[in-house]
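Colleague:
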Amino acid sequence: MPPSPARATITAEPAPIGLDWATTALLIIDMQRDFLEPGGFGETLGNDVSQLERAVAPIAAVLKAARRMGLPVIHTREGHRPDLSDAPPAKIARGAPSLRIGDPGPMGRILIRGEPGHDIIPELAPHADEIVIDKPGKGAFYATELGDVLQKYGIETLLVCGVTTEVCVNTTVREANDRGYRCIVIGDGCASYFPEFHAAGLAMIKAQGGIFGWVADSDAVLAAMKGDVG
Ligand code: TIU
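In my numbering, the protein residues as written are 517 to 746.
(1) Could you tell me which residues DSSP puts in a beta bridge with I647?
(2) Return the CA-CA distance between K722 and V731, expressed in angstroms with no decimal places.
(3) Just mark D546 as buried or exposed, buried being the case when its beta carbon has 16 or more other beta carbons within 10 Å.
(4) Which runs of the beta strand (DSSP E), 3 residues or longer, sit entirely within the segment 531-591?
(5) Ignoring anything shorter than 3 residues, give me the beta strand (DSSP E) runs that lie fully in the segment 706-730, in order along the chain.
(6) If I measure Cβ to Cβ from R690 and keep anything under 7 Å in the same chain, skipping five residues before and after, which residues do I get?
(7) Looking at the strands, I want to know which residues DSSP matches up with E529.
(8) Buried or exposed: which applies to L738, given that a residue is buried once 16 or more other Cβ atoms fall within 10 Å of its Cβ?
(9) Who are the near neighbours of V685 in its chain, counting only those whose CB is closer than 6 Å to its CB and skipping five residues on each side?
(10) Expressed to the nearest angstrom, what Euclidean distance is found between the alpha-carbon atoms of A571 and S601?
(11) Pairs of beta-carbons, one from the segment 569-584 and one from the segment 648-664, closer than 8 Å: are there three or more?
(12) Does the beta-carbon of T680, which I'm using as the reference point, lie nearer than 6 Å to any heavy atom of the ligand TIU?
(13) Closer than 6 Å to a non-hydrogen atom of the ligand TIU - does that hold for the CB of C684?
(14) Under a three-way DSSP split, which group does A641 fall into?
(15) According to DSSP, is G595 helix, strand or coil?
(16) Can you grab the Cα-Cα spacing for the pair R610 / E631, in whole Å?
(17) At the level of alpha carbons, what is the spacing between Q567 and Y709?
Here you go:
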């Protein structure tokens, strides 16, 4: 396989974006059993978890290419310590879920670190040399080491995907944008329990000249990774 080029241009909205692969990382948000499988946090909130499945294959394809290129790969997981010391009471008490954070469920305690439901789905399981960030909130920068990790690797551009588009992906992209990172959101590598929120979540990132970042299809990202573009 030919070596990947040092630079590329990705076909994206609102405009193509050029990047340097040496300063680019792949950030995969919360592809956990708790959100994608029945019996987890997502379903306890009343959601149809099958809506998220569509993001798996596009993410898997980009992840494979990122591994081939040696890009830093960062996976995040939303969850809490077993003693719930990092879970705000307001988050635990929110809404009328069938099970609350910390309650025992079919995949272990809901949204608790170390439980089976907290794991990343097997199709996207992190490799030993990849970074896994455990986060207590929706944004991946809040109360985590993500900023330090990105600084250490000299990262300027993030390829962002995962679930859900309008919650943890959007919150993380907004946090990243304010910290000066350029975010390219892989549209079909994101999903929501609500298709209309997925569409709106992507639209509000790329509106106003790309107010929070860019949105690109996985095919466009893969083409750039293979050197077909730019
Ligand atoms: N409920 C919902 O849509 N999402 C979350 O609670 N977490 C993430 O998006 N990861």
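Think of the CB as a built atom: it goes at the ideal place given N, C-alpha and C, for glycine as much as any other residue.
Modeller: Reading off the structure:
(1) Position 131 of the sequence shown holds residue 647. Beta-bridge annotation (DSSP): I647 is paired with I590.
(2) Along the sequence shown, read from residue 1 onward, the residue named residue 722 stands at position 206. Along the sequence shown, read from residue 1 onward, the residue named residue 731 stands at position 215. Their Cα atoms are separated by approximately 6 Å.
(3) On the sequence shown, residue 546 is found 30 positions in, with the first residue counted as 1. So D546 ends up on the buried side.
(4) Secondary structure within the segment 531-591: the beta strand (DSSP E) runs of 3 or more consecutive residues, fully enclosed, are 533-536 and 540-545 (chain order).
(5) Runs of the beta strand (DSSP E) inside the segment 706-730: none found.
(6) Numbered from 1 along the sequence shown, position 174 holds the residue referred to as residue 690. Closer than 7 Å at the Cβ level, and outside the excluded window around R690, lie F728.
(7) Taking the sequence shown and counting its residues from 1, one reaches residue 529 at position 13. In the DSSP output, where bridge partners are listed per residue, E529 has V731.
(8) Here residue 738 refers to the residue found at position 222 of the sequence shown. Buried, by the Cβ-count rule.
(9) Working through the sequence shown from its first residue, we reach residue 685 at position 169. Excluding sequence neighbours, V685 sits near I545, G678 and C706.
(10) Within the sequence shown, residue 571 is the residue found at index 55, counting from 1. Within the sequence shown, residue 601 is the residue found at index 85, counting from 1. The alpha-carbon atoms of A571 and S601 are separated by roughly 32 Å.
(11) Under the 8 Å Cβ criterion, the segment 569-584 does not count as touching the segment 648-664, having fewer than three qualifying pairs.
(12) In the sequence shown, counting from the first residue as 1, residue 680 sits at position 164. Yes.
(13) Residue mapping note: residue 684 aligns to position 168 of the sequence shown, counting from 1. Yes.
(14) Position 125 of the sequence shown, counted from the start, is the residue given in the question as residue 641. In this structure, A641 counts as coil in the three-state DSSP scheme.
(15) One-based indexing of the sequence shown puts residue 595 at position 79. Of the three classes helix, strand and coil, the one that applies to G595 here is coil, per DSSP.
(16) In the sequence shown, counting from the first residue as 1, residue 610 sits at position 94. In the sequence shown, counting from the first residue as 1, residue 631 sits at position 115. So the two alpha carbons sit approximately 21 Å from each other.
(17) Taking the sequence shown and counting its residues from 1, the one referred to as residue 567 is at position 51. Taking the sequence shown and counting its residues from 1, the one referred to as residue 709 is at position 193. Spanning the two alpha carbons is a distance of roughly 5 Å.
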